[in-house]
Amino acid sequence: MMVFARSMWLLGLIYFLGLGLVFGLNFGESLKVPFRVNDVLPALPRQISWPVLNNLHSGVDLLPSFVGSVSPTNGSIEWKGACFFANEAQLEFTGGDRGLGGGVLHLKVDDKYQYSCDDKDNRVHGWICSNPAVGFWMITPSDEFRTGGPVKQDLTSHVGPTTLSMFFSTHYAGDNQTIKLRDGESWKKVFGPVLIYLNSVSV
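Counting in the UniProt record's numbering, the sequence shown runs from 1 upward without gaps.
Set out below in structure tokens:
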């Protein structure tokens with residue numbers, strides 16, 4: 001039984017390394033094997049995590065889009081990306097029996113999914129700034145034109161800041177929310193109304 005377990009572990013490691021070679025991963029910079037307590041814990045590259053998490057219907061945008069690692073010597077790593085802003089990850093290692101160990105991964109993220117709400121609640125959203133004292137507002141008086149109904153969730157903003165007015169999307173719903181037309185099929189729909197309002201005040 002012990003030989004079988006070791007051969008399965010080795011087979012899994014070879015499979016993981018093979019995936020990395022197929023998708024162009026540079027293991028010399030980001031991966032140390034075998035894994036030990038207080039060793040480097042690799043973050044999966046986007047090329048590998050994308051198909052895996054996409055099949056699990058997870059938010060793949062919540063992963064960093066680079067290959068990084070967290071080790072106890074450097075404390076934490078930080079990254080930025082298309083849908084990330086001021087993110088940080090830190091790993092706190094714990095001991096275990098038989099030379100095995102684990103850890104607690106602490107994450108601090110700011111991503112576009114934190115700016116989501118039900119369509120029925122999305123009447124006004126925007127960004128403000130204190131210096132200069134200005135506001136940028138997206139006002140939507142009705143959600144009748146949106147697909148998915150009043151409790152369909154959608155994004156209001158990207159990090160950065162970027163304000164969105166989503167007419168239809170697959171966020172939180174899947175591919176059945178997309179518009180599917182046959183070749184040459186005519187289609188017409190009115191989106192809106194929406195109002196973009198800018199204001200400023202003297203401080």
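Ideal Cβ positions, reconstructed from N, Cα and C, are used throughout, including at glycine.
**OP:** Measure from the alpha carbon of M138 to the alpha carbon of each residue in S200, I196 and S202, then state which is nearest.
**Re:** I196
Subject >> Local Cβ density within 10 Å of G183, reported as buried at 16 or more and exposed below that >> reply: Before going on, a small fix: residue 183 reads as Asp here, not Gly. Classification for D183: exposed.
Original post:
Grouping DSSP H, G and I as helix and E and B as strand, with all else coil, what is D143?
Top reply: coil
Original post:
Going straight from the alpha carbon of G149 to that of Y115, what length do you get?
Top reply: 19 Å
Original post:
In or out: V151 buried (at least 16 other Cβ within 10 Å) or exposed?
Top reply: exposed
Original post:
What residue from M166, S130, Y113 and V159 has the CA that sits closest to R123's CA?
Top reply: M166
Original post:
Going by alpha carbons, who is nearest to D119 out of Q153, T162 and T170?
Top reply: Q153
Subject >> Contacts around H171, its chain only, beta-carbon distance under 8 Å, and the 5 residues preceding and following it disregarded >> reply: S116, Q153, D154 and L155.
Original post:
Where R146 and D175 are concerned, what is the direct C-alpha to C-alpha distance, given to the nearest angstrom?
Top reply: 15 Å
Original post:
Which residue's Cα is closest to the Cα of S200: T163, V159, S142 and C129?
Top reply: C129
**OP:** Check each candidate in V159, F136 and D143 and name the one with the smallest Cα separation from Y113.
**Re:** V159
Subject >> N176, DSSP secondary structure in three states >> reply: N176 falls in the helix class under three-state DSSP.
Subject >> Cα-Cα separation, P193 to W127 >> reply: 20 Å
Original post:
Who does H125 pair with in a DSSP beta bridge?
Top reply: M138
Subject >> For A133 and D111, the rounded distance between their alpha carbons >> reply: 24 Å
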